[in-house]
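Asker: Structure in structure tokens, see below.
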Amino acid sequence: MQHPAARLTLVLALAFGATAAGAGEAAPPAPGAPGRRPVLSFEAYRRFLAGGGKVEDPNLFTAASRVYLARAPRAAGAAPARLAELDAAAPLRLVVVGERAALIPPRKHGLTHPVLLERVAEIWRIDLVESEKAFDLGQRGELRLRYQGGPYEAVLSLFYPPGPAEGELDPVDLFGEDPASAIARLQGAPSSASRLRLAEILLRNCWLVDEALPLYEEAVHGAAEPWPVARIFGFRALIAGQPDRAIPLLEPHEPKADHLLGLLHARAGRFEASQRYRWRSVTDHLERKGVLERVPGPEVGPGYRKL
Amino acid sequence: MGRSTRALLWLGCALAVAAPASADVARLDAFAAPLRAGEFARLEELLDQVVREKPRDADGALLLPQVIERLTAALASDETLTPLLARWAEAVPRSRFEPLVRSRLEVRFAWRKRGAGYGGEVPESAWPGWYAHLARADAALAEATERAPDLAEAPAERVWVALLRGRPTGEIRAHFYAALRIEPTNELAHRNLLSALTPRWGGSDNAVLEFARFVSKQHPDDVRLGLLVHQAHLEVRSGLPDSDAKDYYREDAVWEEVSRVLSRLIDAYPASGWGHNTLAFIAGQAGQKAAALHEFRWIGRRWDPSVWGEIREFDRVRGWALTAARHPVASRAEAD
Chain A
1 MQHPAARLTL VLALAFGATA AGAGEAAPPA PGAPGRRPVL SFEAYRRFLA
51 GGGKVEDPNL FTAASRVYLA RAPRAAGAAP ARLAELDAAA PLRLVVVGER
101 AALIPPRKHG LTHPVLLERV AEIWRIDLVE SEKAFDLGQR GELRLRYQGG
151 PYEAVLSLFY PPGPAEGELD PVDLFGEDPA SAIARLQGAP SSASRLRLAE
201 ILLRNCWLVD EALPLYEEAV HGAAEPWPVA RIFGFRALIA GQPDRAIPLL
251 EPHEPKADHL LGLLHARAGR FEASQRYRWR SVTDHLERKG VLERVPGPEV
301 GPGYRKL
Chain B
308 MGRSTRALLW LGCALAVAAP ASADVARLDA FAAPLRAGEF ARLEELLDQV
358 VREKPRDADG ALLLPQVIER LTAALASDET LTPLLARWAE AVPRSRFEPL
408 VRSRLEVRFA WRKRGAGYGG EVPESAWPGW YAHLARADAA LAEATERAPD
458 LAEAPAERVW VALLRGRPTG EIRAHFYAAL RIEPTNELAH RNLLSALTPR
508 WGGSDNAVLE FARFVSKQHP DDVRLGLLVH QAHLEVRSGL PDSDAKDYYR
558 EDAVWEEVSR VLSRLIDAYP ASGWGHNTLA FIAGQAGQKA AALHEFRWIG
608 RRWDPSVWGE IREFDRVRGW ALTAARHPVA SRAEAD
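The following block contains the structure:
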């Protein structure tokens, strides 16, 4: 019987720019080990999934993915389900741009997340973090990019609609440090700045949302100047789809938090509150610029006249 | 010049003095590892090697200023790492490099105190901290010069710090000439002086352009110094209203001058991703389809975010260049 991995028909390898993606493999890697070509690493990944998510060779994954694997809660049966999903979506399309690659399912399997790979030290490694973090569902239920400026944007932007402009979610610069080591160091540091840094690494580098959000809250509570930290938390909660966690921490910062509160209420489906905040943020802005003047009136509420 | 005028800065102004190169980040991070591990002797050894061998990145920029900046950024990004600087100073009391990093760190702390807005919006209470940090930055650079009189980095950096401190023009120029006496083609010193000549620092567009052209003529073989002409035009353009700025590169003389210095960089450093992306971007602004297409053929989808900002802008200009040129092969690949 044909090995299932053989069904990974790479219908088209779009190798944008000079890349050694297809460079010769001196010797095939051991089963479960990553390789110098994306397809070899994908075969190892299939083996990992078929084995129920048992890691045979940690080098198959990027450093952040190893943290994700060690700390993220995983539902029973998730690995075989992902394998079945990928097999059903075959053939996948390989796209390589520089050190990043994606195996993209055809349009009719549009809800299946692509497999993303990064080349580190000549070896293609599976990036589980960005495979999850980079995507969410658009208004019509389609898979779209969750945020702008991600490391796979050049690979994915031709195939998926762009995400909203608000909120940064690209990985924090660790200056070459393994995220596991940065996390271990920061866990013992109690200051607000260190809590914030740790939260950012957990969320943006490792997509450990449940671990990160309480740390943002701690950082806001511990900050000498809470507004800049609360603002960051607001955008992260927005993009992580947990707006209600941030709203109570932003309300003390009205009116400067109005725009963000408007976005958060909209994300929570409370459109009336959202409109109220957004309207106020716009009129306040125009008032400050001298375009509108506030006309207070107890019965009709504050109105404005054009200057 | 009043304080608020002097301090009329954007964050972009600070960025303008950074090397435009998209440096090889992994190569730079090799220096952060011994710093984090507290292996200061090893770090000094690596830095000595950089001074000796003068390696350049793919865009032709010297590595040393980038390494110093990257080490500073690593220390500033995480307060559990910041104390490593004091340990470095203790471990290598006469280090040539530690004061350079300390100075840049002080400049970062100064900006944190001040904020990135216009001078008029900065609270009065922030100014003493701003000036105190900058004074410490300058003192660190003086220390660096005393320890390593043969390194141009410290006087070159002092040009910028003196500018931020609002020091007299004579002092700024003195630092510039001090750097040039050590290294006549020091890029950082030239870039910093060019910033000092911009209208936002009390100079003029003419002064910026004249200086850039003069330096380029003085050092015709130095393609990096040639880029001052590109930087000068960026500065002039940034002062124009949007309606004029969008057509700035459509002037034949501007396009010819800028494309010439960028092409020279690409000829000298054919793998310069920043160079190809910048020339494609400016060709797009100038409406030069053939030139843009030529660059996009090299770029593929290896876009440089520092040039384009958003990938949508990159895709828009790339699409325009491909369609405009009716390039059937490229268009077919795009459709696939």
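For the record, the sequence lines run as chains A and B. Take 1 as the starting number for the first sequence in this note's numbering and just add one per residue. Take 308 as the starting number for the second sequence in this note's numbering and just add one per residue. Beta carbons are placed, not taken as given, at the ideal position from N, Cα and C, and that holds for glycine.
(1) Starting from the C-beta of residue 461 (chain B), find all residues in its chain whose C-beta is less than 6 Å away, skip the five residues before and the five after it, and write them out in chain order.
(2) Classify residue 92 (chain A) as helix, strand or coil using the three-state DSSP reduction.
(3) Hey, quick one: how far does the alpha helix (DSSP H) through residue 126 (chain A) stretch, first residue to last?
(4) Using beta carbons (cut-off 7 Å, strictly below), is residue 395 (chain B) in contact with chain A?
(5) Evaluate residue 65 (chain A) with the Cβ neighbour count: other Cβ atoms within 10 Å of its Cβ, from every protein chain shown; 16 or more gives buried, anything less gives exposed.
(6) How is the beta strand (DSSP E) around residue 617 (chain B) delimited, first residue to last?
(7) With C-beta atoms as the reference, is residue 610 (chain B) less than 7 Å away from residue 621 (chain B)?
(8) Have a look at residue 624 (chain B) and residue 170 (chain A) and give me their C-alpha separation to the nearest angstrom.
(9) Should the stretch 82-91 of chain A be regarded as contacting the stretch 205-220 of chain A, the criterion being three or more beta carbon pairs within less than 8 Å?
(10) Over the uninterrupted beta strand (DSSP E) stretch that includes residue 239 (chain A), give me the two end residues.
(11) Can you say whether residue 293 (chain A) is buried or exposed, counting buried as having 16 or more other CB atoms within 10 angstroms of its CB?
(12) Where does residue 569 (chain B) land, buried or exposed, given buried means 16+ other C-beta within 10 angstroms?
(13) Would you tell me roughly how many angstroms separate the C-alpha atoms of residue 196 (chain A) and residue 100 (chain A), rounded to the nearest one?
(14) From residue 592 (chain B) to residue 517 (chain B), what does the alpha carbon distance come to, in whole angstroms?
(15) With DSSP collapsed to three states, give me the class of residue 159 (chain A).
(16) Return the Cβ separation of residue 560 (chain B) and residue 596 (chain B) in integer angstroms, given the expectation that the two are a contact with Cβ distance under 8 Å.
(17) Any contact between the stretch 329-349 of chain B and the stretch 154-162 of chain A? By contact I mean 3 or more CB pairs, one from each, below 8 Å.
(18) Jot down the residue ranges of each uninterrupted alpha helix (DSSP H) in the stretch 126-157 of chain A, minimum 4 residues, whole runs only, in chain order.
(19) Give me whichever residues DSSP pairs with residue 489 (chain B) in a beta bridge.
(20) Based on Cα-Cα distance, which residue from B:488, B:418, B:530, B:466 lies nearest to residue 457 (chain B)?
(21) Could you work out which residue in A:145, A:205, A:248 is closest to residue 172 (chain A) when comparing CA atoms only?
(22) Suppose the cutoff is 6 Å on Cβ atoms and the five residues either side in sequence are ignored; what does the same chain contact list for residue 189 (chain A) look like?
(23) Please confirm whether residue 578 (chain B) and residue 381 (chain B) have their CB atoms less than 7 Å apart.
(24) On the DSSP bridge list, what partners appear for residue 118 (chain A)?
(25) Here's a check: name, in chain order, each residue in its chain whose Cβ is nearer than 6 Å to the Cβ of residue 514 (chain B), leaving out the five neighbours to either side.
(26) Would you mind telling me which residues of chain A sit closer than 9 Å to residue 384 (chain B), beta carbon to beta carbon, in chain order?
(27) Does DSSP classify residue 328 (chain B) as helix, strand or coil?
(28) Would you tell me roughly how many angstroms separate the C-alpha atoms of residue 73 (chain A) and residue 379 (chain B), rounded to the nearest one?
(29) For the stretch 607-618 of chain B, list every residue whose C-beta sits within 8 Å of some C-beta in chain A, in sequence order.
(30) Would you decide whether residue 177 (chain A) is buried or exposed? Buried here means 16 or more other CB atoms lie within 10 Å of its CB.
(31) Between residue 233 (chain A) and residue 598 (chain B), what straight-line distance do the alpha-carbon atoms span, to the nearest angstrom?
(32) Could you work out which residues of chain A lie near residue 340 (chain B), taking near to mean beta carbons separated by less than 7 Å?
(33) Should residue 420 (chain B) go down as buried or exposed, given a rule of 16 or more other Cβ atoms within 10 Å for buried?
(34) Could you check which residue in A:241, A:153, A:193 has the C-alpha nearest to that of residue 228 (chain A)?
(35) So is residue 236 (chain A) in contact with chain B if we call contact Cβ pairs under 7 Å?
(36) If we count the other Cβ atoms within 10 Å of its Cβ and call it buried at 16 or more, is residue 68 (chain A) buried or exposed?
Answerer: From the atom records:
(1) 448, 451, 452
(2) coil
(3) That residue, residue 126 (chain A), is in no alpha helix (DSSP H); its beta strand (DSSP E) goes 123-126.
(4) no
(5) buried
(6) It is not in any beta strand (DSSP E) - residue 617 (chain B) carries neither H nor E in the DSSP assignment.
(7) yes
(8) 24 Å
(9) no
(10) First-last for residue 239 (chain A): 226-239, but that is the alpha helix (DSSP H), not the beta strand (DSSP E).
(11) exposed
(12) buried
(13) 28 Å
(14) 23 Å
(15) coil
(16) Not quite, the Cβ-Cβ distance comes to about 19 Å (not below 8 Å), so this is no contact.
(17) no
(18) 128-133, 153-156
(19) None, per the DSSP bridge assignment.
(20) B:488
(21) A:205
(22) none
(23) no
(24) A:100, A:125
(25) 504
(26) 172, 173, 174, 175, 197
(27) Any reading at residue 328 (chain B) must be qualified, since the residue scores a pLDDT of 40, below 50, and its modelled position is unreliable; no value is offered.
(28) 36 Å
(29) 607, 608, 609, 610, 612, 617, 618
(30) buried
(31) 44 Å
(32) 176
(33) buried
(34) A:193
(35) no
(36) buried
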